[in-house]
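Colleague: Quick one: this structure, given as structure tokens, is what I'll be asking you about.
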Amino acid sequence: MLKSVYNWIDERLDITPMWRDVADHEVPEHVNPAHHFSAFVYCFGGLTFFITVIQILSGMFLTMYYVDDIVNAYKSVDYLQHQVAFGVIVRGMHHWGASLVIVMMFLHTLRVFFTGSYKAPREMNWVVGMSIFFVMLGLGFTGYLLPWDNKAYFATQVGIQIAASVPYLGQYIETFLQGGEIVGAQTLTRFFALHVFFLPGALLALLGGHFFMIRKQGISGPL
Amino acid sequence: MAHDHNSKEKVVYVGDSRVKKYKKNNVPLDYSAYPGNSEAFIPNFLLKEWMVGSVFLVGFMILTMSHPSPLGYPADPTKTDFVPIPDWYFLFMYQLLKYPYTSDAYVVLGTLVLPGILFGALMLAPFLDTGKERRWYKRPIASSLMFLSLFATIFLTMVSWQGYQHELEELNIIPEHLERAEKIAAGLEEPGGKEAEPIAIVNKESEGYEIYQKASCVSCHAVDLNGVSSMPSLLGIGDKHSKEEITDIIYNGFGSGMTGQAQANLDAGLTEADLDTLAGWLAEQKAPAGEEAPEEATESH
Ligand code: HEM
Numbered sequence: 053m054l055k056s057v058y059n060w061i062d063e064r065l066d067i068t069p070m071w072r073d074v075a076d077h078e079v080p081e082h083v084n085p086a087h088h089f090s091a092f093v094y095c096f097g098g099l100t101f102f103i104t105v106i107q108i109l110s111g112m113f114l115t116m117y118y119v120d121d122i123v124n125a126y127k128s129v130d131y132l133q134h135q136v137a138f139g140v141i142v143r144g145m146h147h148w149g150a151s152l153v154i155v156m157m158f159l160h161t162l163r164v165f166f167t168g169s170y171k172a173p174r175e176m177n178w179v180v181g182m183s184i185f186f187v188m189l190g191l192g193f194t195g196y197l198l199p200w201d202n203k204a205y206f207a208t209q210v211g212i213q214i215a216a217s218v219p220y221l222g223q224y225i226e227t228f229l230q231g232g233e234i235v236g237a238q239t240l241t242r243f244f245a246l247h248v249f250f251l252p253g254a255l256l257a258l259l260g261g262h263f264f265m266i267r268k269q270g271i272s273g274p275l
Numbered sequence: 516m517a518h519d520h521n522s523k524e525k526v527v528y529v530g531d532s533r534v535k536k537y538k539k540n541n542v543p544l545d546y547s548a549y550p551g552n553s554e555a556f557i558p559n560f561l562l563k564e565w566m567v568g569s570v571f572l573v574g575f576m577i578l579t580m581s582h583p584s585p586l587g588y589p590a591d592p593t594k595t596d597f598v599p600i601p602d603w604y605f606l607f608m609y610q611l612l613k614y615p616y617t618s619d620a621y622v623v624l625g626t627l628v629l630p631g632i633l634f635g636a637l638m639l640a641p642f643l644d645t646g647k648e649r650r651w652y653k654r655p656i657a658s659s660l661m662f663l664s665l666f667a668t669i670f671l672t673m674v675s676w677q678g679y680q681h682e683l684e685e686l687n688i689i690p691e692h693l694e695r696a697e698k699i700a701a702g703l704e705e706p707g708g709k710e711a712e713p714i715a716i717v718n719k720e721s722e723g724y725e726i727y728q729k730a731s732c733v734s735c736h737a738v739d740l741n742g743v744s745s746m747p748s749l750l751g752i753g754d755k756h757s758k759e760e761i762t763d764i765i766y767n768g769f770g771s772g773m774t775g776q777a778q779a780n781l782d783a784g785l786t787e788a789d790l791d792t793l794a795g796w797l798a799e800q801k802a803p804a805g806e807e808a809p810e811e812a813t814e815s816h
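These protein sequence lines are chains A and B, in that order.
Mapping of the first sequence onto the working numbering: residues 53 to 275, in sequence order.
Mapping of the second sequence onto the working numbering: residues 516 to 816, in sequence order.
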């Protein structure tokens, strides 16, 4: 049944080469933990991606309740946490996932570094990877403000102050992030937009590049 | 190296990648063409990998369910005594700004120069470390710089966290999200950010109210029923005990904290009928419909 549906579509659209390009590739022995247990370090990238998917999905559910204005932001998070069925789990997944994704990304970066996998011909992928790293930190920084409790507020205030102390550029960064005289309604809507649209967009584009390059070049060879 | 073919071979790859050096046709190679125990990603490898993913997911869900994510009190920009703390992975940069040569007049060193060198070098690592050697122990400079940065990052993070804990201790502050979680658990506060509103006294005009004011109860449960210091409140007690139960409590006491009170009150001039009226009135003390005291609130009394 499935096969005939596939064949029917394939006949019209010739999709076999496409999915072969995307998914049909080999897993060499030296990165397969089934053959060498120490190869588990090669799983960190995949696990980072797994948590990234969790972040995106749980985040989509969070936006069903979250309201990005200063009167209701806190209330909506509190409502989600205490009243909505499974709200505490959805918020928990996003909260803990945000830390875990940083841990995993860090471990992945260390794996790539210590196996020298960033060397030719994979320089570009390392640079893309570092850009992903910065986008992730940006997601962490902007997401921290959204619950709009005192911890969120004052951490963001200090963060923006630090950025503002940078010579020349500082004042522009401050205006861009803060949007007004103090950390307030404007800041919250900006951080929300950055956290939910701009940065995930950048992240997905960069991830696309990352995976394209891995697929094209294959994983680096054994040491 | 795995995919290194020498130039006499028909197919020449770029480095050890699978990008062919000369344009050939694009038919994927059979897996037997690759060295060692290579296997197909789909389905062979993925079928094993999803099990790793499931184990990971179970651990993650246990963490999530056993540790609800924190939420303090609504942001109040006029607050001045809040100790700010960023998320843990920013702590090392935060701590960096607290040293003499990275703060005040030299703050540029802490905000721009040092992080710039660190992240700049990381970003450009492939162009700085251009040797062919990949094993970390044969790349002493790159590896030791990385170990050094790792050590510095971990050290700064720990110092920052300890400093934060120390500051909290010194100022005798409990972080708000912990404070609030405790209060909610103790029933002192309702989720929603507001203090739990005390339940009002029902039927103040009743004779029962007057008797209560004369009875020994006030010395512990207070004239407003809310309890003297740590004594339990009797507000809304009717949601918990019936008239018969309260009569029993008056005569025989309750738990370890309250002995039978009937004799003392009879001695003080109240009659058994008064105590009956009192028990009846207390049983009327119910929270307004739909606003029953939270479960934990009644349990902790
Ligand atoms: C959301 C974040 C990221 C995801 C989901 C991700 C995912 C992956 C995956 C699945 C691989 C295949 C090999 C493996 O799993 O170890 C990989 C390889 C690679 N990653 Fe990442 N990565 C991320 C961030 C980074 C960062 C921060 C860097 C470094 C700055 C980086 C640099 C690389 C490089 C150079 C490779 C090729 C390594 C090789 O061929 O051996 N990635 N990435």
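Built from N, CA and C at the ideal position, the CB exists for glycine as well.
Does any CB atom of chain B fall closer than 9 Å to the CB of A:Lys-268?
Modeller: Yes, A:Lys-268 lies at the interface with chain B (some Cβ there is under 9 Å from its Cβ).
Colleague: Which of helix, strand or coil does DSSP assign to B:Glu-722?
Modeller: If DSSP states are grouped into helix, strand and coil, B:Glu-722 belongs with the helices.
Colleague: Hey, quick one: how far does the alpha helix (DSSP H) through B:Leu-606 stretch, first residue to last?
Modeller: Looking at the DSSP string, the run of the alpha helix (DSSP H) that includes B:Leu-606 is 606-611.
Colleague: Would B:Val-598 and B:Leu-683 qualify as a contact pair, given that the criterion is a beta-carbon distance under 9 Å?
Modeller: For B:Val-598 and B:Leu-683, yes; Cβs fall inside 9 Å.
Colleague: Give the secondary structure of B:Met-576 by DSSP, where H, G and I count as helix, E and B as strand, and everything else as coil.
Modeller: The answer is helix: DSSP assigns B:Met-576 an H, G or I state.
Colleague: Can you pull out the residues from the segment 605-631 of chain B whose beta carbon lies closer than 9 Å to at least one beta carbon of chain A?
Modeller: Cβ contacts with chain A: Phe-605, Met-608, Tyr-609, Leu-612, Val-622, Val-623, Gly-625, Thr-626 and Leu-627.
Colleague: May I have the straight-line CA-CA distance separating B:Ile-557 from A:Gly-168, to the nearest angstrom?
Modeller: Looking at the two C-alpha atoms, the distance is approximately 27 Å.
Colleague: Restricting to runs no shorter than 4 residues, where is the alpha helix (DSSP H) found entirely within the segment 702-784 of chain B?
Modeller: Fully enclosed alpha helix (DSSP H) runs of 4 or longer: 722-729, 733-736, 758-767 and 777-782.
Colleague: Should A:Leu-191 go down as buried or exposed, given a rule of 16 or more other Cβ atoms within 10 Å for buried?
Modeller: Classification for A:Leu-191: buried.
Colleague: Within the segment 637-698 of chain B, note down every full alpha helix (DSSP H) run reaching 4 residues or more, in order along the chain.
Modeller: Those alpha helix (DSSP H) runs which fall completely within the segment 637-698 of chain B and span 4+ residues are 640-643 and 655-686.
Colleague: In terms of residues, what are the limits of the alpha helix (DSSP H) holding A:Met-156?
Modeller: Element bounds for A:Met-156: 139-166.
Colleague: Could you name the residues of chain A that B:Val-567 contacts, counting a contact when the two beta carbons are closer than 9 Å?
Modeller: Ordered by position in chain A, the residues that pass the 9 Å Cβ test against B:Val-567 are Pro-85, Phe-92, Cys-95, Gly-98 and Leu-99.
Colleague: Sorted by chain position, which residues of the same chain lie with C-beta nearer than 6 Å to B:Gly-784's C-beta, five sequence neighbours on each side aside?
Modeller: Taken in chain order, the list of residues that qualify is empty.
Colleague: To which residues does DSSP link B:Pro-601 through a beta bridge?
Modeller: According to DSSP, which records beta bridges pairwise, B:Pro-601 is partnered with nothing at all.
Colleague: Taking 8 Å as the cut-off, is the CB of B:Pro-747 close to at least one heavy atom of ligand 2?
Modeller: Among the ligands present in this structure, namely ligand 1, ligand 2 is not found.
Colleague: Are the CB atoms of A:Val-140 and B:Ser-581 within a distance shorter than 9 Å?
Modeller: Not closer than 9 Å, so no.
Colleague: Could you work out which residues of chain B lie near A:Gln-209, taking near to mean beta carbons separated by less than 9 Å?
Modeller: Within 9 Å Cβ-Cβ: Pro-592 and Pro-599.
Colleague: On the DSSP letters alone, give me the boundaries of the alpha helix (DSSP H) that A:Phe-206 sits inside.
Modeller: That run of the alpha helix (DSSP H) goes 202-216.
Colleague: Which of the three DSSP states is assigned to B:Tyr-528 in this structure?
Modeller: Here B:Tyr-528 sits in strand by DSSP.
Colleague: By DSSP, does A:Val-57 sit in helix, in strand, or in coil?
Modeller: Three-state result, A:Val-57: helix.
Colleague: Any chance the segment 139-153 of chain A sits against the segment 250-258 of chain A, with 3 or more Cβ pairs inside 8 Å?
Modeller: They do not touch, by the three-pair rule.
Colleague: Does B:Leu-686 come within less than 9 Å of chain A when only Cβ atoms are used?
Modeller: Answer no: the Cβ-Cβ gap between B:Leu-686 and chain A never drops below 9 Å.
Colleague: So who's on the other strand from A:Glu-78, going by DSSP bridges?
Modeller: Answer is B:Ala-555, bridged to A:Glu-78.
Colleague: Could one say the Cβ of B:Gly-775 lies closer than 9 Å to chain A's Cβ atoms, at least one of them?
Modeller: With 9 Å as the cut-off, B:Gly-775 does not count as an interface residue toward chain A.
Colleague: Please state whether the Cβ-Cβ distance between A:Trp-31 and B:Ala-696 is less than 9 Å.
Modeller: The requested residue 31 of chain A does not occur in the structure, where chain A is confined to residues 53 to 275.
Colleague: When you compare the segment 664-678 of chain B with the segment 604-623 of chain B, are there three or more beta-carbon pairs, one atom per stretch, that lie closer than 8 Å?
Modeller: The segment 664-678 of chain B is in contact with the segment 604-623 of chain B.
Colleague: Check the Cβ of A:Trp-148 against every Cβ in chain B and list those closer than 8 Å, keeping chain order.
Modeller: Result: Phe-575, Leu-578, Thr-579, His-582 and Ser-584.
Colleague: Below 9 Å between beta carbons is the criterion; list the residues of the segment 634-645 of chain B that meet it against any residue of chain A, in chain order.
Modeller: Under the 9 Å Cβ criterion, the segment 634-645 of chain B contributes Phe-634, Leu-637, Met-638, Leu-639, Ala-640, Pro-641, Phe-642, Asp-644 and Thr-645.
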